[in-house]
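A.B. asks: Residue numbers (full-length UniProt numbering): 1 to 968. Heads up, the beta-carbon is just placed ideally off N, CA and C, and yes, glycines get one too. Every value quoted in this text rests on a predicted model; they were computed, and no experiment measured them.
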Amino acid sequence: MFLVCTDISFVTEAMSGWSPVPNFVLIVSIERARVKSKWLPSDIDHVLSGFPGEMTPRYDRMMEKIEKHSESTKRMATMLLAWAVYCFRPLQLNELTVALNSEFPDFTSLEDTIKHICSDFIQMRGTKVTLVHETARHYLITRYPSNSALLHPTNSHEYIATVCLQYLSTSKDHQWRPILNMAEIGRSPGSLFALSSGRDIHETYPFLAYAATSWAYHLSLADPVAGPLLDALLNFFSNDSLTWINTLALFGDLKSLIKAAQYLRAYLKSRKKKLAEEPLPGLETDSTITLRLWAIDLIRLVGKFGSNLIQYPSSIYRLIPPFCPINSMLRKASGQSTFSVEGVSMADWDDCHARLSVGNEGSGRRVLATSEVFMALVPGAHSLVVWHAETCEELRRLRHKEYVTEVAINRKGDLVCTTGRSTIKVWELSTGREVGSFNKHSDDKILAVGFGAGDDHLLTGYQDHLIVCQNWRTRDIVYSFHAVLKDDDNVHNGLRVVSFSPDGKNLIVGSRNRPVDLWDLSTQSRAARCVMRDEISNADNDVFLQPEVVQWHPNSGNIYILYHNTALIDWDPAYDEKTEHHLGAKGMACSPCGKYLLTYGADGSVKVFGLPDYSRSQKHSLRPIYHLVHPEHVRDVTFGPDGRRFYDLRDSICSVWEPERTTSMSSLAPVTAIACAPKDLGFCCGRDDGAISVHEMRTGTKIRFLPGHVLDMAIIGLTWSSSGRWIASADDSGRVLVRKVHMPMVPDQKMKVYKPSDFRISSDGINQLLFSSNDRYLLDLAEKRICHVREHPSPRRIKWIEHPSDPSRLVSIEADEVHIFNWNDFLDLTPGNGLRFAHTDQKSITGKRKIASPLSDSLESLRLMVNPILVVSASLEVNSIMQIGDKGSIVLETLPPCGYDQDRLKRRRIEFIQATDLSPSMVSGELILQLSAPELTREVLKLVGSYQNHLVFFNVQKHIRKVIAPFV
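1) What is the residue span of the beta strand (DSSP E) that R687 lies within?
2) Could you tell me which of V741, R645, G450 sits nearest to L415, measuring between CA atoms?
3) Check N949 in the structure and name its three-state DSSP category.
4) Hey, would you say T243 sits closer than 8 Å to W176, going by beta carbons?
5) Can you check which of these residues, M743, H138, L466, I716, is closest to E696 by C-alpha distance?
6) DSSP on N327, reduced to helix/strand/coil?
7) The beta strand (DSSP E) spanning N439 covers which residue range?
8) State the Cα-Cα distance for the pair S808 and N822, rounded to the nearest angstrom.
9) When the distance is taken between beta carbons, is T719 closer than 8 Å to residue 969?
10) Going by DSSP, what residue range makes up the beta strand (DSSP E) through V818?
11) Among G682, T135, Q311, Y614, whose alpha-carbon lies nearest the alpha-carbon of R58?
12) Going by the DSSP bridge assignment, what does I424 pair with across the sheet?
13) Looking only at DSSP bridge pairs, what is Q123 linked to?
14) Would DSSP call C164 helix, strand or coil?
15) Where DSSP assigns a beta bridge to C676, which residues make up the other side?
16) Considering only residues of the same chain and omitting the five flanking positions on each side of K595, which have a CB-CB separation below 7 Å?
17) Determine whether the beta carbon atoms of N555 and D570 lie at a separation below 8 Å.
18) Buried or exposed: V963, going by 16 or more other Cβ atoms within 10 Å of its Cβ?
19) Runs of 4 residues minimum, wholly inside the region 198 to 234: which ones carry the alpha helix (DSSP H) assignment?
20) Please report how far the alpha carbon of A84 lies from the alpha carbon of L93, in whole angstroms.
21) Among residues of its own chain, excluding the 5 on either side of E548, which ones have a beta-carbon nearer than 6 Å to its beta-carbon?
22) What residue from L233, S171, T391 has the CA that sits closest to F305's CA?
23) By DSSP, does V963 sit in helix, in strand, or in coil?
24) Around the C-beta of V940, are 16 or more other C-beta atoms found within 10 angstroms, so that it is buried, or is it exposed?
25) Would you tell me roughly how many angstroms separate the C-alpha atoms of S314 and A212, rounded to the nearest one?
26) Counting only runs of 3+ residues fully inside the region 444 to 531, write out the beta strand (DSSP E) ranges in chain order.
27) Does the distance from the CB of V627 to the CB of S605 come in under 8 Å?
28) I'd like to know whether the C-beta atoms of V132 and D120 end up nearer to each other than 8 Å.
29) Determine which residues share a DSSP beta bridge with R365 and list them.
30) Which residues in the same chain as V509 place their Cβ atom closer than 6 Å to its Cβ, once the five residues preceding and following it in sequence are excluded?
31) What would DSSP say about P807, mapped onto helix, strand or coil?
32) Which of helix, strand or coil does DSSP assign to K304?
33) Going by DSSP, what residues sit across from E878 in a beta bridge?
34) Can you tell me where the beta strand (DSSP E) holding P612 begins and where it ends?
35) Could you give the distance in angstroms between the alpha-carbon of A33 and the alpha-carbon of K679?
36) Note down, in chain order, each residue of its chain lying with its Cβ closer than 7 Å to the Cβ of S442, except the 5 sequence neighbours on either side.
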């Protein structure tokens, strides 16, 4: 199954930055004309990629003009260029004037100064100070730092960070605390201090917002061992941290506190790495510990006191610190408080990230979470309370206007459904807008609601066994039925539990009068029944054990059923296998990654258990990981989407928990996928815990992580496009992320990663990801939809590869069959049985040998047999496939489809297909393979890839080896 796309939008994107300015009109007009005359994406890309190089001589002449200025003027121009090149966002003219005031306080007109000394590198777009074009940024970053130390990236970021910290520090000219206090008073309704309003503080102190929100960004990119910057940072946190927090709270920007903590951690990580590489005695002191504690405090501050800060920004000085732990930096920075808090004995922060009230109108009933928000259903308040996931600010309340009973969220996390006593409503989460409403289908109680296979369909389960699927946009009933068997006379007793599967395809129902039943919604029929061991001999009128909660494992198909007696049944309906656990739980929730089970008991305690890996282990035991003791009664629990946080509802309080155990996942998770960039620019590897990291090719140094996949969801597919511009990754759940990337071309340059496109292909996982060589095909970046789908009876046994000699074609290879397709329309050019391999006996192999070229001289040479033979392969399946040499041949590795790994490896075959043989016009049944020598098959532990005309692999001693391949 493939996703197909066409990437044309980059032409408009690349040209959008060009604007007609002095000395550029003719060049841009000429290049635009050249682009318009091209039709192929590769030709357009060639023209556009030439811009920076062709502009270099012009930029050199512009820089020569700056070099001719006097030293003071040249320094001024260089500082202006540093701000224009490295600032987080383009600055307004009045912001830049204030930023330069400490160095150059006597500007008569900064705009005129820029025009006269910056040699057209900087232009004014309205009141914004911007570079003339992105090619100028590329030139100044890559070429000019060797001539000017200030324009070096780390030096520029250090300079800007220092300016921001100095501006935020209290001085004779900036007494921030009284200034902010007057602004806070001025924003109050009816205040007489009009000049101190939040709006006027931006006008009076235009650089304040940029300095407060962006200093940490520049810090993270500065030299991590620069002594003056570290001193300025420590002085800032020692004397002015609380006024900075006051400033952001006054602006209502608590997100910047979270980002500052993340940037601070990145700075400390870079510093630790730098000190480890170049040991500098005396630099690693308590200062880094202080900064690390501040990063923790900033995150905890937002979670626990964010709403207080927004309402009363000045509470950071005296009211909030006494409630912080004794060892916290906030407590120490506040000094002597005017009051003390009895009973606060915590030395450090606990695992509770935030405790939020749902209001005084009743207790919460359900809690849900997405990557952006979390929410609590409050029946008595007739509403759903929504908070921001990072800042824990209350965003809105969705008011159903009647008593609400159930809530569900769609898989994308942008729609939520609430059910009341008489109506069902659908809401848009980002705006709180009601987008759909219709009446209930029965007077009976709704036990469950969920979204169907598509977001337009709503599934509703009633206590009277009625199951309804309705299109909420058109209000059409898709289907409805009663989940009872034809001859069942106990329908009047009603259901106790209804639960829809996450994919909207199945249904669980349970009551006291019948065992738990699994229903197939597509056929509206019962698919399986979970009968407890003690209930096998029960008669129809006997009482069965009553189910309370049902959870679906997201990957394996197993179902967890919690009964009234606290017994937990792990049920595999496909084989009717049951494992019983006794956890003493009253409720539970399964993590989206399928690795953890969260339970709560009648005593208010919460436990996290590690779930078994159903694909590898036959033992379905639950491992206790975390235990939280709390006296208050729990009403509901749920995990965050990444599995790092969990949420619980206790009466009117929603708590956010972030245990250290769930945030410190092993960084040594095994590598499950790897992909290399073209031209040896780097490689990326995906791990079993869902992490993806990008590394340099020569040294293996980690460049950065690629976030996006759910924690602990194994990366099973990873590929890098041949242009180096795109990385596609897939995890076990069938989720595919495609990112546009820009690899660093020079030292100290950062890798750029753009927002990914996100798709979910199937719940069975992804077998393979493949880009076309021209980057046109994999997915549709513009419309984000699947363009072509092709079903196969055994997709796991098929591998795909681009035709070695014809990039417009695609080749699918099974162990005994080859098909050739068109990339653009998926047309099978070899219909029917395709190109097949004939049958022969391996004992007939003979021929001369070609000497291999190993990487290590200490290992004896391996050899390949190059005489063509015909292969018996119907009983094998393709394990890996790759091109080798200058697209001259394809390497094919096949294994038996079943058996123990050791036995399968003994029967491995490594074969080579010549590219010229892959033609739709070939006679079926005569496709020739070349089988490698037996000693090579025995030597290979795992194929890695190809390098030039060599096959690269790990041998049984886990050393890298390479051998020359045939046909190259």
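C.D. replies: In terms of the structure at hand:
1) DSSP places R687 inside the beta strand (DSSP E), whose first and last residues are 683 to 687.
2) It is G450 whose Cα lies nearest to the Cα of L415.
3) Correct three-state label for N949: coil.
4) Cβ distance < 8 Å, so T243 and W176 count as in contact.
5) When each option's Cα is compared against that of E696, the closest is M743.
6) It is coil, neither helix nor strand.
7) Run containing N439: 433 to 439, per the beta strand (DSSP E) assignment.
8) Distance between the alpha carbons of S808 and N822 is about 6 Å.
9) No statement about residue 969 is possible, as the shown extent of the chain runs from 1 to 968 and does not include it.
10) Per DSSP, the unbroken beta strand (DSSP E) holding V818 starts and ends at 817 to 822.
11) Among G682, T135, Q311, Y614, the Cα nearest to that of R58 is on T135.
12) Answer is T419, F438, bridged to I424.
13) Answer is T130.
14) Looking at C164 - three-state DSSP - the assignment turns out to be helix.
15) Residue pairing from DSSP places C676 in a beta bridge opposite F683.
16) By the criterion of a C-beta distance shorter than 7 Å, K595 is surrounded in its chain by G610, L611, G643, D712, once the five residues flanking it on both sides are discounted.
17) No.
18) Within 10 angstroms of the beta-carbon of V963 lie 16 or more other beta-carbons, which makes it buried.
19) Listed in chain order, they are 198 to 204, 208 to 221.
20) Near 11 Å, if we compare the C-alpha coordinates of L93 and A84.
21) Closer than 6 Å at the Cβ level, and outside the excluded window around E548, lie L562, H564.
22) Of the listed residues, the one whose Cα sits closest to F305 is T391.
23) DSSP places V963 in strand when its eight states are reduced to three.
24) With 16 or more other Cβ atoms inside 10 Å of its own Cβ, V940 counts as buried.
25) Spanning the alpha carbons of S314 and A212 requires a straight line of approximately 16 Å.
26) Runs of beta strand (DSSP E) with 3 or more residues, each lying fully within the region 444 to 531, are found at 446 to 451, 457 to 462, 466 to 471, 477 to 482, 497 to 500, 506 to 510, 516 to 520, 525 to 530, listed in chain order.
27) Before going on, a small fix: residue 627 reads as His here, not Val. The answer is yes: Cβ separation under 8 Å.
28) The answer is yes: Cβ separation under 8 Å.
29) DSSP lists no partner for R365.
30) Within the same chain, V509 has close Cβ partners A483, L495, V498, D517.
31) Three-state DSSP puts P807 in coil, outside helix and strand.
32) K304: helix per DSSP, three-state reduction.
33) The amino acid occupying residue 878 in the given sequence is Val; Glu does not appear at that position. Bridge partners of V878: T894.
34) Note, P612: premise wrong, no beta strand (DSSP E); not H, not E.
35) Confidence at A33 is low in this model, with a pLDDT of 41, below 50, so the placement of that residue is unreliable and no value is reported for it.
36) Result list for S442: Y462, D464, L466, in chain order.
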